[in-house]
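One structure is given here, and the rest of the page talks about it.
This is the structure:
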């Protein structure tokens, strides 16, 4: 009986740990919060996302981690789509994964 209780306990704990490891992926808009999302920052240009109509500063990834922010396709110049994982807390998003979705190239008309 003790062995059965031990085995059931181990199975419950291991399934609980696996459930906690799975993070939800969010599809968001990403850009410079100062330049494109009208957010106030004391440090200037910084990475931000927009999700569900709300704007969040990002912790765990910086704007220059995703290329030159002032290039033609940079985050100070454009609002880009991204897939992120992490957690929301007040006006901040703590990211464990931040991937910009590649832009589709437009075909030239002949």
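Numbering (my numbering), first residue to last: 38 to 147.
Just so it is clear, CB atoms sit at the ideal spot from N, CA and C, and this is done for glycine as well.
Beta-carbon spacing of residue i, residue j below 9 angstroms
| i | j | result |
| --- | --- | --- |
| residue 71 | residue 121 | no |
| residue 96 | residue 130 | yes |
| residue 94 | residue 78 | yes |
| residue 92 | residue 76 | yes |
Alpha-carbon spacing of residue i relative to residue j, whole angstroms
| i | j | result |
| --- | --- | --- |
| residue 101 | residue 90 | 24 angstroms |
| residue 119 | residue 144 | 22 angstroms |
| residue 64 | residue 88 | 8 angstroms |
| residue 136 | residue 105 | 15 angstroms |
| residue 98 | residue 141 | 24 angstroms |
| residue 116 | residue 82 | 13 angstroms |
| residue 127 | residue 80 | 19 angstroms |
| residue 50 | residue 125 | 26 angstroms |
Per-residue burial, residue i [other beta carbons within 10 Å of its own, 16 or more giving buried]
| i | result |
| --- | --- |
| residue 132 | buried |
| residue 123 | buried |
| residue 134 | exposed |
| residue 86 | buried |
Presumed contact (8 angstroms Cβ cut-off) between residue i and residue j, rounded CB distance
| i | j | result |
| --- | --- | --- |
| residue 112 | residue 84 | 7 angstroms |
| residue 107 | residue 114 | 7 angstroms |
Next item on the list: List in chain order: all unbroken alpha helix (DSSP H) runs of 4+ residues lying wholly within the segment 48-130.
Entry: Within the segment 48-130, the runs of alpha helix (DSSP H) that reach at least 4 residues and sit entirely inside it are, in chain order, 70-73.
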